[in-house]
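>
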């Protein structure tokens, strides 16, 4: 197959197919991790934790003819990504071809992924009255940072709950969201930090529908920090697994490449789960994902010659129990010293550089759509015989 034919197929993959690909992979990888008994403990007893965030793909090269007329960055799309915290895998991806679309335009699809006894953790972009009310309506709970535009009415006064281990002060109160029939009353946790965040915020407000008996104010503040697991996976997808291919300008092709990187990340999570099952939970903090991927890439090149594809067919018919035994046996033989994790370095904040007055980016999807509309308008209508 030529590269032209391959690219032609990639740019025709429908977004629903991309979403189904990620979901089906997550189901299979999740079953393996469950059989390995290597799941992380739940953040809140009795709830399955879901972490959701948006991911915007970086601007691509201007290889598509309509993009050659602009100097602005061409955005190939974005997506909402849902992570299963206990299994450390991405379970859902909602792709969007329009790089300029708002994340909230995907909320109606996202709410369909919410199930009973789940805890949804998200940043303030997901804090809308409609989304919060529908999470509760579906029997789930939320722990979401409050958006400045979401208005709340105080039901109780702020009460100081104490000081955290990093010197932050934690307050709690109850607030009402909405004024019409069906308004919800939730807890609001205010965290006053010793130092400002990278966005310049000193106070962080977190809204949660979790009862105080299952999560104290300090627990809520600590749970919100677990969002970093998804952000860390995004970084790994970008830097280690190359989820952004600069030459793939077509939105569907770029989103498919991102989905393939997610599949690879889920496979890596299974490998890490096998290592945890064989060597203990504490091994997770000592492993370098970059070193593991680098070793896998180098080993695979040699295995292509040493082990032909027919040698791998046995795994297609292998039972789950047999596969788990092989995984554990292989994990026990791994030399963990080959994948040391570099110590975290404290980085100083750098001042932001000035920006150009030119438009920073454009939506590839909208440019291609406008081109198609112009073509349709110039095609003469055939007269009836």
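Numbering (this note's numbering), first residue to last: 6 to 390.
In this text, a Cβ means the ideal position worked out from N, Cα and C, and glycines have one as well.
A quick note: this is a predicted structure, and the numbers were derived from the prediction, not measured.
1) Is residue 145 buried or exposed, if buried means 16 or more other CB atoms sit within 10 Å of its CB?
2) Any idea if residue 249 is buried or exposed, counting beta-carbon neighbours within 10 angstroms, 16 or more meaning buried?
3) Can you give the Cα-Cα distance for residue 326 and residue 319, rounded to whole angstroms?
4) Does DSSP put residue 54 in a helix, in a strand, or in coil?
5) Taking only the alpha-carbon atoms, compute the straight-line gap between residue 290 and residue 68 and give it to the nearest angstrom.
6) What is the DSSP secondary structure of residue 223, counted as helix, strand or coil?
7) Between the alpha carbons of residue 338 and residue 178, how many angstroms are there, rounded?
8) Which first and last residues belong to the beta strand (DSSP E) in which residue 148 is found?
9) Taking the alpha carbon of residue 336 as the reference point, which residue from 76, 43, 99 has its own alpha carbon closest?
10) Cutting at 6 Å between CB atoms, please list the residues of its own chain near residue 298, excluding the five before and the five after it.
11) Under the DSSP definition of a beta bridge, which residues are partnered with residue 98?
12) With 16 other CB atoms within 10 Å as the buried threshold, where does residue 394 fall?
13) For residue 159, which residues in the same chain have their Cβ closer than 7 Å to its Cβ, ignoring the five residues on either side in sequence?
14) Please go through the region 174–249 and give each complete alpha helix (DSSP H) segment of 4 or more residues, from N-terminal end onward.
15) Report the three-state DSSP secondary structure of residue 359 (helix, strand or coil).
16) Whole angstroms are fine: how far does the CA of residue 24 sit from the CA of residue 205?
17) Is the CB-CB distance between residue 232 and residue 126 below 7 Å?
18) Skipping 5 residues on each side, what residues in its chain have a beta carbon closer than 7 Å to that of residue 157?
19) Out of 324, 345, 287, 271, which has the shortest C-alpha to C-alpha gap to residue 296?
20) With H, G and I counted as helix, E and B as strand and the rest as coil, what does DSSP make of residue 63?
21) State buried or exposed for residue 165, treating a residue as buried only when at least 16 other CB atoms are found within 10 Å of its CB.
22) Would you please state the rounded distance, in angstroms, between the beta carbons of residue 223 and residue 169? I believe it to be under 8 Å.
23) Which word fits residue 14, buried or exposed, when buried means at least 16 other C-beta atoms lie within 10 angstroms of its C-beta?
24) Just verifying my parser: in three-state terms, what is the DSSP assignment at residue 18?
25) Between 268, 260, 143, 213, which has its C-alpha nearest residue 238's C-alpha?
26) Given a cut-off of 7 Å on the beta-carbon distance, is the pair residue 257 and residue 95 in contact?
27) Rank 129, 84, 280, 124 by C-alpha distance to the C-alpha of residue 114 and give the top, closest one.
28) Using three-state DSSP, classify residue 284 as helix, strand or coil.
This is what the structure holds:
1) buried
2) It is buried - the Cβ of residue 249 has at least 16 other Cβ atoms within 10 Å.
3) 14 Å
4) strand
5) 41 Å
6) helix
7) 52 Å
8) 146–150
9) 43
10) 245
11) 86
12) A question about residue 394 goes unanswered here, because the residues of the chain that appear run from 6 up to 390.
13) Listed in chain order, the non-local C-beta contacts of residue 159 below 7 Å within the same chain comprise 178, 180, local neighbours out to five positions each way being set aside.
14) 222–229, 233–244
15) Note that residue 359 scores a pLDDT of 49, beneath 50, so its modelled location is shaky; the value from the coordinates is reported in the next line. Looking at residue 359 - three-state DSSP - the assignment turns out to be coil, as it is neither helix nor strand.
16) 36 Å
17) yes
18) 180, 181, 182, 193
19) 345
20) coil
21) exposed
22) 7 Å
23) exposed
24) Coil.
25) When only C-alpha atoms are compared, the closest one is 268.
26) no
27) 84
28) Three-state DSSP puts residue 284 in a helix.
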